[in-house]
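Per our numbering, the sequence shown starts with residue 2, numbered consecutively. Virtual Cβ for every residue (Gly too), placed ideally from N, Cα, C. Heads up, the thing below is written out as structure tokens.
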Amino acid sequence: MPKWHRRRILENTAQGRELAKSRGVRFGRKPKLSSLEERKVLERVARGEASAQFAGIYGVSGSTIYRLTKRAAHGHAGNPDPRLRQ
Numbered sequence: 002m003p004k005w006h007r008r009r010i011l012e013n014t015a016q017g018r019e020l021a022k023s024r025g026v027r028f029g030r031k032p033k034l035s036s037l038e039e040r041k042v043l044e045r046v047a048r049g050e051a052s053a054q055f056a057g058i059y060g061v062s063g064s065t066i067y068r069l070t071k072r073a074a075h076g077h078a079g080n081p082d083p084r085l086r087q
């Protein structure tokens with residue numbers, strides 16, 4: 002494939018991604034927990050419950066709970082999707 006053709010494909014792809022972003026399309030994997038579930042999990046953690054006790058209730062691992070609490074500690078909780086880039 003000629004270099005100019007590949008470059009054109011990359012330009013078109015980048016343009017399409019930017020258009021999709023401007024329309025609010027989310028990229029990547031769906032979050033395992035809804036924002037309501039995230040709030041409930043953070044409340045339980047704040048009450049001192051061990052994540053291993055309730056992680057199974059939400060169908061996630063303790064690692065997922067840990068990442069959520071870590072993100073909340075850095076002020077990123079409540080974001081609809083922290084992977085979104087502005």
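Around the CB of residue 64, fewer than 16 other CB atoms lie within 10 Å, so the residue is classed as exposed. In this structure, the alpha-carbon of residue 42 lies about 38 Å from that of residue 16. For the pair residue 50 and residue 9, the Cα-to-Cα distance works out to about 54 Å.
Take residue 61, set aside five residues on each side of it, and the residues of its chain with a beta-carbon closer than 8 Å to its own are 33, 34, in chain order.
Non-local C-beta neighbours of residue 52 in its own chain, meaning closer than 7 Å and more than five positions away in sequence, comprise 46, 63, 66, 67, ordered along the chain.
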